[in-house]
Each structure stands twice: as C-alpha cells, then as structure tokens.
Amino acid sequence: MKEENNLQGKTCRLLYFMSELEKGHKVNKTDYLKRFNIAERTFKDDLREIKENLKVLRDDMKIKYSRLAGTYEAEYNHGYGNLKYNQAVILSKILLESRALRVEEVREIIDTFVERAVDDRERQRIRNFTERELEEYKELSIYRDNKSKSILPHLSAIFDAIENQKPLSFKYTKYQGKDADYDVLPVSIMFNDHYFYCMAYKVEEKYGRLRIDTRSLRNFRLDRFKTVHRSKHNTELILSSEELTQILSDSDVRYHTFLMFSDTEKFRIRFRYVGQFWEVLEDDIPALKVIEKDTRSTVPRVIYEIETYGRDSFQRYIDRFNGVFTILELEKINK
Numbered sequence: 001m002k003e004e005n006n007l008q009g010k011t012c013r014l015l016y017f018m019s020e021l022e023k024g025h026k027v028n029k030t031d032y033l034k035r036f037n038i039a040e041r042t043f044k045d046d047l048r049e050i051k052e053n054l055k056v057l058r059d060d061m062k063i064k065y066s067r068l069a070g071t072y073e074a075e076y077n078h079g080y081g082n083l084k085y086n087q088a089v090i091l092s093k094i095l096l097e098s099r100a101l102r103v104e105e106v107r108e109i110i111d112t113f114v115e116r117a118v119d120d121r122e123r124q125r126i127r128n129f130t131e132r133e134l135e136e137y138k139e140l141s142i143y144r145d146n147k148s149k150s151i152l153p154h155l156s157a158i159f160d161a162i163e164n165q166k167p168l169s170f171k172y173t174k175y176q177g178k179d180a181d182y183d184v185l186p187v188s189i190m191f192n193d194h195y196f197y198c199m200a201y202k203v204e205e206k207y208g209r210l211r212i213d214t215r216s217l218r219n220f221r222l223d224r225f226k227t228v229h230r231s232k233h234n235t236e237l238i239l240s241s242e243e244l245t246q247i248l249s250d251s252d253v254r255y256h257t258f259l260m261f262s263d264t265e266k267f268r269i270r271f272r273y274v275g276q277f278w279e280v281l282e283d284d285i286p287a288l289k290v291i292e293k294d295t296r297s298t299v300p301r302v303i304y305e306i307e308t309y310g311r312d313s314f315q316r317y318i319d320r321f322n323g324v325f326t327i328l329e330l331e332k333i334n335k
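No gaps in the numbering here: position 288 of the sequence shown is 288 in UniProt numbering, and each next residue is one more.
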C-alpha cells in the first residue's frame with residue numbers, strides 16, 4: 001500500500017511539473033518541495049525522469065534552470081513553444097473584428113487560448129490589449145435582442161454532419177419571420193460579413209430512399225436556426241456514384257461559388273476588368289486566374305478567367321466592385 005501511494009504521489013508530481021511547463025509557467029524549486037512535502041533528493045529523481053521522458057516524447061523541448069530565480073521552465077528548439085505576441089494579437093483581432101459571437105463568448109475563447117497557448121511573458125500584454133477591445137465591442141443586433149442566443153451549438157452539429165455526410169433536420173426562421181422545417185445535407189460552413197452560413201442540399205424521401213436535390217445549393221444563416229437535430233427520416237442516406245460527382249465539396253463552395261447567389265451549373269468565364277481595384281478583386285476571389293495584366297497605365301486593365309458555379313450568380317457578385325466588367329468568353333463545363 002505504501003509503495004502504491006508513493007507511485008500515485010510521484011505520478012501527480014510529474015503531471016503537475018509537465019503541465020506547468022506546457023502552459024509556459026515556471027516551476028519554483030522551493031515551492032515544489034513544499035507543495036508535495038518531499039526531500040531535495042526526491043525532487044532530483046523527478047527532474048531526471050522528466051528529462052529522460054522528454055528525450056523520447058518531446059525531443060524539441062528542454063528544461064532550462066535559472067539559478068538566480070531558482071526556477072525551471074520549458075525551452076523549445078523552435079522558440080517559446082507558444083504563440084508570440086504578434087501571432088496572438090492577429091488571432092484576437094480576427095475574432096474581435098468578425099463580431100460573429102456574443103461578447104461573453106469572444107472573451108471566453110480569447111481567455112482560453114491566451115491561458116493555454118500564449119507565452120507567460122506575453123500573456124498580460126495580450127489580456128490588456130483584448131480587454132480594451134472588448135470594452136468597445138459592438139454586438140450584432142441578433143444578440144442585443146436575445147442575450148442568451150448562441151450559434152456555437154449549431155456550428156458543432158453542422159460540422160459533425162458535414163464530416164460524417166449525414167443529413168440534418170432543423171427549424172429555421174425565414175426573412176419574412178415565418179418558421180419552416182428543413183431536411184438537408186450540409187456540405188460547407190461559410191463566413192461572410194459578420195454571419196456564418198450553412199451551405200446545403202435539400203433532402204427528401206422518395207420511393208423508399210432519401211434523395212438529394214443537387215440542382216440547387218441552398219444557404220442558411222446560422223443565427224436564424226431555432227433547433228438542429230438529426231434527420232427525422234429513419235432511412236439511411238446512400239449516395240450513388242453519380243450523386244457523389246454532382247455534390248460540391250467544401251473547396252468548391254469556398255472558392256467557386258458566391259454565397260447568396262449560388263448555383264450548380266459550372267461555367268468557365270473569361271472577362272476583362274478595367275478599374276483601380278484589381279488587387280481587391282484578386283484578394284476577394286482567390287480562384288481568379290490572371291490571363292493578361294496591364295496595371296501601369298492610368299486605368300489598369302486585367303483579363304481574368306475563372307471556373308464558377310453559376311453564370312448569373314458570378315455576374316451579380318462582381319457587380320459589387322467598382323470598375324467596368326466585360327465578359328469575353330463563356331463556356332459551360334459538363335461535370
């Protein structure tokens with residue numbers, strides 16, 4: 001029994017030591033001895049065992065000792081082993097600027113990754129920075145009107161359905177304020193202008209099996225979901241080889257469709273853009289292929305080519321940009 005207790009005590013000590021190192025904390029030798037009521041010889045045994053295990057399990061991590069402070073900390077071959085200040089600031093800014101979540105949710109996410117992933121020497125700086133930003137954080141009206149509202153549970157359910165290729169059933173509030181029930185096969189989650197969208201195909205039961213309407217890719221704003229649950233149909237969704245080729249992948253949706261104007265007919269479009277915002281256009285539509293470019297003249301001219309789902313949807317999307325667009329070639333692609 002005594003040997004078992006000693007083993008459990010040792011396990012607790014080693015887990016504590018490694019946990020502190022992984023968090024970027026310093027382990028004070030004097031505090032460690034008092035915390036576990038052990039002799040210095042036992043401490044040396046613990047330290048030796050941790051170092052031996054690191055050689056096998058974490059060869060990129062070493063233990064650095066400060067004689068002046070009497071502390072031990074992790075030292076990594078590739079740096080601190082945690083996010084640097086500028087990396088943490090970028091992640092915080094992206095999350096804060098999205099305004100996609102309630103302020104309490106944003107604060108919790110930032111606090112978690114700061115505690116677990118930011119080096120302890122930078123942690124307080126990040127907290128000070130984010131707290132100032134959070135004080136000025138403007139919630140979307142959907143959260144101001146409903147303080148308990150959250151899209152996070154819906155996100156989790158949809159991601160699971162996408163990963164497992166399983167249909168979902170949900171109750172959804174339309175723009176007119178009316179509720180409707182849907183059965184869909186989700187294929188992607190997109191983010192645009194402060195809102196998350198679920199991109200999905202309608203699912204219906206016909207002739208004893210579930211079928212997908214691949215003619216139309218629907219989009220649903222996540223904050224309009226009221227309930228989300230497994231498909232109400234007991235029939236298993238089995239996709240034929242033809243259906244599999246017709247269903248858009250997450251990559252197709254992300255780079256070759258245009259969210260609110262999505263379609264499923266694929267086209268190759270070559271067009272000319274004349275205007276000052278060609279860089280913005282290329283950043284906004286990464287799938288654009290540059291055919292010819294003259295940006296040194298007073299009014300830049302660029303010829304692009306893109307493969308996209310939906311001719312009209314693409315035209316309506318690029319109309320948002322300043323400049324003159326001229327379609328040069330249009331070819332329908334048979335999948």
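Virtual Cβ for every residue (Gly too), placed ideally from N, Cα, C.
| Check | Outcome |
| --- | --- |
| Pull the bridge partners of K64 from the DSSP assignment, please. | E73 |
| Taking the C-alpha atoms as reference points, what is the distance between V27 and N37? | 15 Å |
| Going along the chain, which unbroken runs of the beta strand (DSSP E) with 3 or more residues stay wholly within the region 222-274? | 225-230 and 266-274 |
| How many angstroms separate the CA atom of H25 from the CA atom of Y76? | 14 Å |
| Quick one: residues in its chain with C-beta nearer than 7 Å to the C-beta of H256, no 5 flanking neighbours on either side, listed in chain order? | A287, E307, T308 and Y309 |
| Nearest by alpha-carbon distance to E20: which of A39, E73 and M61 is it? | E73 |
| Opposite K198 in the DSSP bridges: which residues? | The question names Lys, yet the displayed sequence has Cys at residue 198. I189 and F220, per the DSSP bridge assignment. |
| Run the CB neighbour count on R320, radius 10 Å, all protein chains shown included, and call it buried at 16 or more, exposed below. | exposed |
| For my contact list, A100 and Y197 are in at a C-beta cut-off of 8 Å; report their separation, rounded to the angstrom. | Wrong, their Cβ atoms sit about 11 Å apart, outside the cutoff. |
| Among residues of its own chain, excluding the 5 on either side of A161, which ones have a beta-carbon nearer than 6 Å to its beta-carbon? | L168 and P186 |
| Taking just the CA atoms, how far does I327 sit from R218? | 26 Å |
| Does the contact criterion of 3 or more C-beta pairs under 8 Å hold for the region 119-133 versus the region 163-181? | no |
| Near S98, which residues of its chain fall below 8 Å by C-beta distance, leaving aside the five closest residues on each side in sequence? | F191 and H194 |
| Is the beta carbon of Y201 less than 8 Å from the beta carbon of I189? | no |
| Check for me: the beta strand (DSSP E) holding I303 runs from which residue to which? | R301 to Y309 |
| Going by DSSP, what residue range makes up the alpha helix (DSSP H) through R292? | The sequence given here places Glu at residue 292; Arg does not occur at that position. From DSSP, E292 is part of no alpha helix (DSSP H) but of the beta strand (DSSP E) over K289 to D294. |
| On the DSSP letters alone, give me the boundaries of the beta strand (DSSP E) that E329 sits inside. | V324 to I333 |
| Name the residue from V106, K266 and L140 whose alpha carbon lies nearest to the alpha carbon of S313. | K266 |
| Based on the DSSP output, what are the partners of V203 in its beta bridges? | I212 |
| Whole angstroms are fine: how far does the CA of T112 sit from the CA of A88? | 12 Å |
| Bridge partners of Y172, per DSSP? | A180 and F225 |
| Using the three-state DSSP reduction, which class does N28 fall into: helix, strand or coil? | strand |
| Does the beta-carbon of L15 have 16 or more other beta-carbons within 10 angstroms, so that it is buried, or is it exposed? | exposed |
| Could you tell me whether the region 243-256 touches the region 222-232, using the rule of 3 or more Cβ pairs below 8 Å? | no |
| Helix, strand or coil, according to DSSP, for L140 in the structure here? | coil |
| Can we say the region 141-155 touches the region 175-184, given the rule of at least three CB pairs closer than 8 Å? | no |
| Quick check: what's the CA-CA separation for E331 versus R268? | 5 Å |
| Residues in the same chain with beta-carbon distance under 7 Å from L140, minus the five sequence neighbours each way, listed in chain order, please. | R99 and H194 |
| Taking the continuous alpha helix (DSSP H) assigned at S92, which residues delimit it? | Y85 to S98 |
| Looking at the secondary structure, which residues open and close the alpha helix (DSSP H) in which F113 lies? | V103 to A117 |
| According to DSSP, is F129 part of a helix, a strand, or is it coil? | helix |
| Does the distance from the CB of Y273 to the CB of K289 come in under 8 Å? | no |
| In chain order, what residues of the same chain lie with their CB nearer than 7 Å to the CB of L33, ignoring the 5 residues before and after it? | E40 and F43 |
| Classify Y175: buried if its beta carbon has 16 or more other beta carbons within 10 angstroms, exposed otherwise. | exposed |
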